[in-house]
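The structure appears below as structure tokens.
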Amino acid sequence: MTPGSMDEKELALKYSPLLFLDDREPFLPYKVGYTVFGKDARSYSFKRMISLGKDEICIEYAIFWDFDIEHMYDLEHLWVYVKDNKVIKFEGSWHGRYLVFKEFQLIDSHPVAYAQPGKHAFSSVKDCFNSNLVTYLMTIIPCRFLAGRGGVLRKEFEKSLKEEDKILVKNYLKKFAFWPSFSFNKRFEINESNLIPWKELNIEISKRIEYLLLKIKEGF
1 MTPGSMDEKE
11 LALKYSPLLF
21 LDDREPFLPY
31 KVGYTVFGKD
41 ARSYSFKRMI
51 SLGKDEICIE
61 YAIFWDFDIE
71 HMYDLEHLWV
81 YVKDNKVIKF
91 EGSWHGRYLV
101 FKEFQLIDSH
111 PVAYAQPGKH
121 AFSSVKDCFN
131 SNLVTYLMTI
141 IPCRFLAGRG
151 GVLRKEFEKS
161 LKEEDKILVK
171 NYLKKFAFWP
181 SFSFNKRFEI
191 NESNLIPWKE
201 LNIEISKRIE
211 YLLLKIKEGF
């Protein structure tokens, strides 16, 4: 199902999205997990089905940040659909659901995505986040006034976290509160070193959160 003789990682690198973030964005992605779909299947990391047309493939990119502005642990997604060696469709996660981008830019074979300041929901149009009052407030309010309120957003840690740990995370994130610039010149490229299979990243995330909690307790 993969074009030519490429293995899955080569394919994921070839069509990897280019991410652009707000100039004042305090957090960059840590790692990206990929899954290549050659037939209809349920996503391993997002509540949705991947549905394909004839001779299409879909490459799912699960993009992990240590933090968004409200909480530790943030997992966002982009989906790139390829047919006949061309990107034919592009989708992105948006606050628990996903959007089909009606239009998108390609730089070589890489579709371009813009990350919402602080929250990291995706759009293919950079003006999306301040184009109307609703999306403007959805961006400004968390970034400036709600930093750290969510604690740790990983279910397996909810019961084991002590209240003082949640307070430490909240106070740590409060330091990063910011006013978004709505200029998107900060660029993040998916590459050989930060792209791994989703199943590997899923295991690594829990270890990463344990590490971050320890570092915050130590005054990181």
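In full-length UniProt numbering, the protein residues as written are 1 to 220.
We treat Cβ as the ideally placed atom computed from N, Cα and C, and that holds for glycine.
Open item on the list: If distances are taken between C-alpha atoms only, which option among 151, 113, 190, 171 comes closest to residue 22?
Closed with: Minimum Cα distance to residue 22 is reached at 113.
Task: Residues bridged to residue 32 [DSSP beta-bridge criterion] - done: 63, 195
TODO: Taking 8 Å as the cut-off, decide whether the C-beta atoms of residue 80 and residue 63 are in contact.
DONE: Cβ atoms of residue 80 and residue 63: not closer than 8 Å.
Open item on the list: Is it buried or exposed, residue 167, if we count other Cβ atoms within 10 angstroms and call 16 or more buried?
Closed with: exposed
TODO: Indicate the three-state DSSP secondary structure (helix, strand or coil) for residue 200 in the structure shown.
DONE: helix
Task: Boundaries (first-last residue) of the beta strand (DSSP E) holding residue 129 - done: That residue, residue 129, is in no beta strand (DSSP E); it is neither H nor E in DSSP.
Open item on the list: Please state the DSSP three-state secondary structure of residue 125.
Closed with: coil
TODO: Determine the DSSP secondary structure at residue 206, reduced to helix, strand or coil.
DONE: helix
Open item on the list: Just to confirm before moving on: does the CB-CB distance between residue 51 and residue 92 stay below 8 Å?
Closed with: no
Task: Beta bridge counterpart(s) of residue 98 as assigned by DSSP - done: 93
- [ ] Could you name the residues of the same chain whose beta carbon sits closer than 8 Å to that of residue 144, not counting the 5 residues immediately before and after it, in chain order?
- [x] 177, 178, 179
- [ ] Using the DSSP secondary-structure output, state which residues sit across from residue 186 in a beta bridge.
- [x] 21
- [ ] Check whether the Cβ atoms of residue 224 and residue 195 lie closer than 8 Å to each other.
- [x] No answer is possible for residue 224: the residues shown for the chain start at 1 and end at 220.
Open item on the list: If you follow the beta strand (DSSP E) that residue 83 is in, where does it begin and where does it stop?
Closed with: 71-83
Open item on the list: Please report the straight-line C-alpha distance between residue 38 and residue 48, rounded to a whole angstrom.
Closed with: 16 Å
- [ ] Closer than 7 Å by C-beta to residue 26: which residues in its own chain qualify, once you throw out the five before and the five after it? Chain order, please.
- [x] 176, 178
Open item on the list: Rounding to the nearest angstrom, what Cα-Cα distance links residue 148 and residue 119 in this structure?
Closed with: 12 Å
Open item on the list: If I measure Cβ to Cβ from residue 6 and keep anything under 8 Å in the same chain, skipping five residues before and after, which residues do I get?
Closed with: Within the same chain, residue 6 has close Cβ partners 14.
Task: Continuous alpha helix (DSSP H) stretch holding residue 12: start and end - done: 8-14
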